[in-house]
Structure formats: structure tokens, C-alpha cells
Amino acid sequence: MTKRPPIRTTINDIVAYWANKVYEGDLSVDWSEAHERCWRCAHKTRLERCHIIPYSLGGGDSPSNLVLLCKRCHLENPNVVDPEIMWYWLKAYQTSFYDTFWIVQGMEEYQKIYGQDFLKQLVQFGMTDDKKLQHLIKEKMRGSIHHFGEPHFNKVTVAGIFRMIYKDIIKNTQTDYDGLSVFNVIIVSPYRIDCLTNGRSDKDCLY
Numbered sequence: 002m003t004k005r006p007p008i009r010t011t012i013n014d015i016v017a018y019w020a021n022k023v024y025e026g027d028l029s030v031d032w033s034e035a036h037e038r039c040w041r042c043a044h045k046t047r048l049e050r051c052h053i054i055p056y057s058l059g060g061g062d063s064p065s066n067l068v069l070l071c072k073r074c075h076l077e078n079p080n081v082v083d084p085e086i087m088w089y090w091l092k093a094y095q096t097s098f099y100d101t102f103w104i105v106q107g108m109e110e111y112q113k114i115y116g117q118d119f120l121k122q123l124v125q126f127g128m129t130d131d132k133k134l135q136h137l138i139k140e141k142m143r144g145s146i147h148h149f150g151e152p153h154f155n156k157v158t159v160a161g162i163f164r165m166i167y168k169d170i171i172k173n174t175q176t177d178y179d180g181l182s183v184f185n186v187i188i189v190s191p192y193r194i195d196c197l198t199n200g201r202s203d204k205d206c207l208y
């Protein structure tokens, strides 16, 4: 079997090619950061050059046939001969804020499994205090693990963490979470949850 030659097209070549051809508002990344953030999930990480038309199906290594994805999204990308499918896929997952993609996916999985909107449940039970929410998230994360070889929780695990938080909230509604300000409802968002989960300060998590 002939060994596949290495891809010589650089990450900067790929960004430069697409920057004037695809509207960045349709994607999860700004072109100014497209060399360091995954074009699907917008996570800042090491990027892989991903073929739009697979190499095994005749796709070449030119910039016109490559996009930049993290390893996780590369495993999920469509492997078909129609190049439009890749762009439909990327645009369908567009997210407005960096570092919220997998939290949003977990919330969508939560709604699919449990038939409820997790953020609305937080508001319903008055759970809008950042410090209490951060404590609960970290506590439940300690009771969860990644799949072998994966550095992140998958979306169903994220949904499970949210469910455990919800169960704790309803159990303690009348004791620990009474008297919270209604004004704070506006700060509950996927960005806030992801930001607080990663241990950043309240100030850093404002938007």
C-alpha cells in the first residue's frame, strides 16, 4: 500500500484562501482567529487540516479542499464527495460566543432526554447565584469521567451533570437557594456556565 504523502498546505494558507470567500458571521470563529480556533466548535486548541472531499475519494490537498477542525470535530465531520455538505454542517453549528459550544450541545441533549430547558429550570427554582452554581458544577464533575483518550466530557455526560445539578436544586429549593435576586436571572447563560466551570472569576465571565 502506497504511503500517503504529507499535506504541504499550511494552516495560514487555508485561512487566507477562505477568509474572503465565506462570511465569518455564518461560522463560529472570526477569521482573525481562524488559525487557532476550530471552525466548528471555536475551541482554541491544536487544529487539524480536514479534507472537505476526503483524500480517499479523490479530494486534493489544496486550500480549497481543506478546513481547520479540532480533533474532536474532525472525527464528526461529513465524509462525502459533495463539498457543500461540509459548509452546511459548519454553518448549522454556528455559535455566537467562544467556549460555549459543548455546553450548548449538552443543553440540547438535556432537552432531548428530559424534555426540559435546563436554563429555564435554573430560573424557575431561583438558581441564579454564580458561586452556588459553580460549586454544584464542580461537585458533579468530580463524579463524572471522560471516555478513554478523550480530554473532554461528551454531550450526554454534560447533560447528565446538568441533571444531577437540577436534582440537587429541587431537593434544596426551600433551604439553600431562597431569597436570590430576580435581577440575577439575566446572567445565567451557556457562556457563564462554561466560564465559571473553568474556574474564572465573575468579572472575567461578564459579557
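Using my numbering, you'd call the opening residue of the sequence shown number 2 and step up by one each time. Quick reminder that beta carbons are idealized off the backbone N, C-alpha and C, glycines included. It should be emphasised that the depicted structure is a prediction, and the values quoted were computed from it without experimental measurement.
Between the stretch 35-49 and the stretch 61-76, do at least 3 Cβ pairs fall closer than 8 Å? yes
Is the distance from the Cβ of S29 to the Cβ of W40 below 8 Å? Taking the first residue of the sequence shown as 1, we reach residue 29 at position 28. Taking the first residue of the sequence shown as 1, we reach residue 40 at position 39. A contact, by the Cβ cut-off of 8 Å.
Taking only three categories from DSSP, how would you classify L123? Here residue 123 corresponds to residue number 122 of the sequence shown, with the count starting at 1. Three-state DSSP puts L123 in a helix.
In the structure shown, what three-state DSSP assignment does K216 receive? As displayed, the chain neither begins before 2 nor continues past 208, which places residue 216 out of reach and without an answer.
Would you mind sorting D83 into buried or exposed? The rule is 16 or more other CB atoms within 10 Å of its CB. Taking the first residue of the sequence shown as 1, we reach residue 83 at position 82. Counting Cβ neighbours within 10 Å, D83 comes out exposed, since fewer than 16 surround it.
Please tell me whether E110 and A160 are closer than 8 Å, where the distance is taken between their beta carbons. Working through the sequence shown from its first residue, we reach residue 110 at position 109. Working through the sequence shown from its first residue, we reach residue 160 at position 159. Going by C-beta atoms, E110 is nearer than 8 Å to A160.
Report the partner residues of C51 according to the DSSP bridge assignment. Along the sequence shown, one-based indexing puts residue 51 at 50. Bridge partners of C51: V68.
For I53 and N66, believed in contact at Cβ under 8 Å, the rounded distance: As a working note, residue 66 is residue 65 in the sequence shown. As a working note, residue 53 is residue 52 in the sequence shown. About 5 Å separates the two Cβ atoms, so the contact holds.
How about M128 and I170: are their beta carbons less than 8 Å apart? Reading the sequence shown from its first residue, position 127 is the one you call residue 128. Reading the sequence shown from its first residue, position 169 is the one you call residue 170. Yes, the Cβ-Cβ distance between M128 and I170 is below 8 Å.
Length of the line joining the Cα atoms of F126 and R164: Reading the sequence shown from its first residue, position 125 is the one you call residue 126. Reading the sequence shown from its first residue, position 163 is the one you call residue 164. Distance between the alpha carbons of F126 and R164: 14 Å.
Tell me K45's beta-bridge partners as DSSP assigns them. Taking the sequence shown and counting its residues from 1, the one referred to as residue 45 is at position 44. DSSP lists R38 as partners of K45.
Which term fits A35, buried or exposed, when burial requires 16 or more other beta carbons within 10 angstroms of its beta carbon? Stepping through the sequence shown from its first residue, residue 35 is reached at position 34. Under this definition A35 is a buried residue.
Tell me which residues share the same chain as D118 and place their Cβ nearer than 7 Å to its Cβ, disregarding the 5 neighbours each side in the sequence. Start at 1 with the first residue of the sequence shown, and residue 118 comes out as number 117. Same-chain partners within the cutoff: Q112.
Between the beta-carbon of Q122 and the beta-carbon of Y94, is there less than 8 Å? Looking up residue 122 in the sequence shown gives position 121. Looking up residue 94 in the sequence shown gives position 93. No; because the gap between Cβ atoms is not below 8 Å, this pair is not in contact.
Let me know the secondary structure DSSP gives V30 once reduced to three states. Taking the sequence shown and counting its residues from 1, one reaches residue 30 at position 29. Looking at V30 - three-state DSSP - the assignment turns out to be coil, as it is neither helix nor strand.
Could you tell me if I187 is buried or exposed, where buried requires 16 or more neighbouring beta carbons within 10 angstroms of its beta carbon? The residue labelled residue 187 in the question sits at position 186 within the sequence shown. Unreliable positioning characterises I187 in this predicted model, as indicated by a pLDDT of 32, which lies under 50. The coordinate reading is nonetheless provided below. It is exposed - the Cβ of I187 has fewer than 16 other Cβ atoms within 10 Å.
Which word fits N78, buried or exposed, when buried means at least 16 other C-beta atoms lie within 10 angstroms of its C-beta? As a working mapping, residue 78 is identified with position 77 in the sequence shown. Result: buried.
Within the same chain, show all residues whose beta-carbon is closer than 7 Å to that of D27, passing over the 5 residues directly before and after it, in chain order. Walking along the sequence shown from the start, residue 27 turns up at place 26. For D27, where only same-chain residues beyond five positions count, the Cβ hits under 7 Å are K92, Q95.
Can you list, in chain order, the residues of its chain whose CB lies under 8 Å from that of T10, leaving out five sequence neighbours each side? Sequence index remark: in the sequence shown, residue 10 carries index 9 (1-based). Once the five neighbours on either side are set aside, the close Cβ partners of T10 are R50, D62, S63, P64, L67.
Using the C-alpha atoms, what's the distance from I104 back to K172? For the purposes of this step, residue 172 is taken as the residue at position 171 of the sequence shown. For the purposes of this step, residue 104 is taken as the residue at position 103 of the sequence shown. Each residue's Cα considered, the two are about 24 Å apart.
Under 7 Å Cβ to Cβ from N13, same chain only, skipping five residues before and after it: list those, please. In the sequence shown, the residue the question calls residue 13 occupies position 12. Excluding residues within five positions, the ones whose Cβ falls inside 7 Å are H36.
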